[in-house]
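The block underneath contains the structure these notes are about, expressed in structure tokens.
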């Protein structure tokens with residue numbers, strides 16, 4: 136099935152700079168409908184109101200981390216099938232294992248470029 | 064074992080039991096005072112006893128010196144001011160880099176908007192170059208996290224010194240919670256960016272992710 140580039144993407148990061156960078160990279164890839172949240176709690180609230188085709192989330196945020204957000208998404212009957220890519224500076228093997236066990240769709244380590252983001256989105260969503 | 068060593072062992076044990084009974088707890092300061100008293104009262108008879116006597120005296124002296132140093136650090140307003148000042152400087156670095164990063168991204172936005180009508184290969188080249196400016200700005204996120212880590216470390220040092228001072232002053236420090244059964248908590252997993260020499264690359268992450276059944 137072809138990827139709908141008009142789908143809503145939710146970018147979750149406590150750094151405004153990083154949200155803006157990811158939004159710009161998504162725009163370069165043809166995804167213009169991007170929403171932002173500064174932490175897991177805000178993201179979860181937005182996900183209750185709107186349907187998202189992809190979540191791209193940082194890990195290290197307060198008060199709710201990206202890992203906790205991922206766990207809550209996977210535990211929710213309504214949200215559990217949403218593709219979820221973790222984009223983080225946490226690059227230790229135990230982090231990748233914990234994220235995989237929690238059901239992450241893919242894992243990107245910061246800093247990264249448009250090519251890496253496109254590659255991981257393709258792996259998760261299919262060719263676009 | 065010499066008579067002095069036996070006598071020393073008994074005295075230590077007795078002293079510790081007395082302290083435990085009287086104060087319902089033993090501080091490092093108590094142990095230091097006990098060593099000092101022993102060093103002053105025990106009479107060495109052999110060479111081994113004399114060496115032990117000297118060691119006890121050194122130990123007592125060392126505990127006293129350490130106590131003074133820690134007290135000096137925690138009560139020295141200048142030292143405290145230096146730590147606060149360093150944290151504030153680091154906060155300023157985060158703010159300054161954030162402002163500079165936003166200025167660069169605003170310029171990149173303007174370049175992309177202006178190039179929008181050019182068309183052809185030139186437009187693509189300009190768009191790509193502006194995109195690279197954006198990508199490079201991700202340094203601010205990484206440096207911000209690193210600096211925040213250092214600020215937390217400084218706060219932690221200050222807190223530890225205060226606790227040590229509490230111990231020497233008769234207070235008790237809260238124990239550091241061990242990792243239960245070797246299982247890391249979610250808090251243990253929050254380490255921030257690793258140093259470049261130690262950090263895993265995206266290729267390493269991909270290999271690990273694939274080995275766990277993930278699709279790259």
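Protein chains in written order, with my numbering: chain A, 136 to 263; chain B, 64 to 279. We put the CB at the ideal spot given by N, CA and C, even for glycine.
Query, Result
"From the beta carbon of residue 247 of chain A, is the nearest beta carbon of chain B less than 8 Å away?", "yes"
"Helix, strand or coil for residue 172 of chain A per DSSP?", "strand"
"Just list the residues that DSSP pairs residue 242 of chain A with in beta bridges.", "A:221"
"In the DSSP output, what is residue 145 of chain A paired with across the bridge?", "A:170 and A:190"
"At a CB distance below 8 Å, what residues from the stretch 145-176 of chain A approach chain B? Give them in sequence order.", "148, 150, 151, 152, 153, 155, 156, 159, 160 and 163"
"Please go through the stretch 68-130 of chain B and give each complete alpha helix (DSSP H) segment of 4 or more residues, from N-terminal end onward.", "91-104"
"Cα separation between residue 138 of chain A and residue 166 of chain A?", "10 Å"
"Residues of the stretch 206-236 of chain A with a CB closer than 7 Å to any CB of chain B: list them in chain order, please.", "224, 225, 226, 227, 228, 229, 230, 231, 232, 233 and 235"
"Taking 8 Å as the threshold, find out whether the stretch 192-212 of chain A comes into contact with the stretch 230-241 of chain A through three or more Cβ pairs.", "yes"
"When the Cα of residue 71 of chain B is compared with those of B:278, B:111 and B:84, which residue comes out closest?", "B:111"
"For residue 269 of chain B, count neighbouring C-beta atoms within 10 Å of its own C-beta (all shown protein chains included) and say buried if the count is 16 or more, exposed if not.", "buried"
"Under 8 Å between C-beta atoms, does residue 265 of chain B make it to chain A?", "yes"
"Mind checking the stretch 198-223 of chain B against chain A and listing, in chain order, the residues whose C-beta falls within less than 8 Å of any C-beta there?", "198, 200, 201, 202, 203, 204, 205, 207 and 208"
"Using the beta-carbon count (16 or more within 10 Å), is residue 245 of chain A buried or exposed?", "buried"
"Residue 183 of chain B CB to nearest chain A CB: under 8 Å?", "no"
"Using C-beta distances below 6 Å, list every residue in its chain close to residue 186 of chain B, excluding the 5 sequence neighbours before and after it, in chain order.", "178"
"Can at least three beta-carbon pairs, one atom from the stretch 243-262 of chain A and one from the stretch 89-103 of chain B, be found at a separation below 8 Å?", "no"
"How about residue 203 of chain A: is its C-beta nearer than 8 Å to some C-beta of chain B?", "yes"
"Does the beta-carbon of residue 113 of chain B have 16 or more other beta-carbons within 10 angstroms, so that it is buried, or is it exposed?", "exposed"
"One question on the structure: do residue 255 of chain B and residue 173 of chain A come within less than 8 Å of each other, judged by their Cβ atoms?", "no"
"When burial is assigned at 16 or more other CB atoms within 10 Å of the CB, is residue 154 of chain A buried or exposed?", "buried"
"With H, G and I counted as helix, E and B as strand and the rest as coil, what does DSSP make of residue 264 of chain B?", "coil"
"Alpha carbon to alpha carbon, how far is residue 169 of chain B from residue 248 of chain B? Give it in angstroms, no decimals.", "40 Å"
"Taking buried to mean at least 16 other C-beta atoms within 10 Å of its own C-beta, is residue 263 of chain A buried or exposed?", "exposed"
"So, for residue 271 of chain A: in the same chain, excluding its five sequence neighbours on each side, which residues have a beta-carbon less than 7 Å away from its beta-carbon?", "In the structure as shown, chain A starts at 136 and stops at 263, and residue 271 of chain A therefore has no counterpart that could be examined."
"Using the Cβ count rule (16 or more neighbours within 10 Å means buried), how would you classify residue 216 of chain B?", "exposed"
"Which class does residue 257 of chain B belong to by DSSP, given the choice of helix, strand or coil?", "coil"
"Using a threshold of 8 Å, state whether the C-beta atoms of residue 197 of chain B and residue 166 of chain B are closer than that.", "no"
"Can you list the residues of chain B that residue 258 of chain A reaches, using a CB-CB cut of under 7 Å?", "278 and 279"
"What does residue 228 of chain B reach in chain A if we use C-beta pairs closer than 7 Å?", "By Cβ distance, chain A contributes nothing, its closest Cβ being about 29 Å from residue 228 of chain B, past 7 Å."
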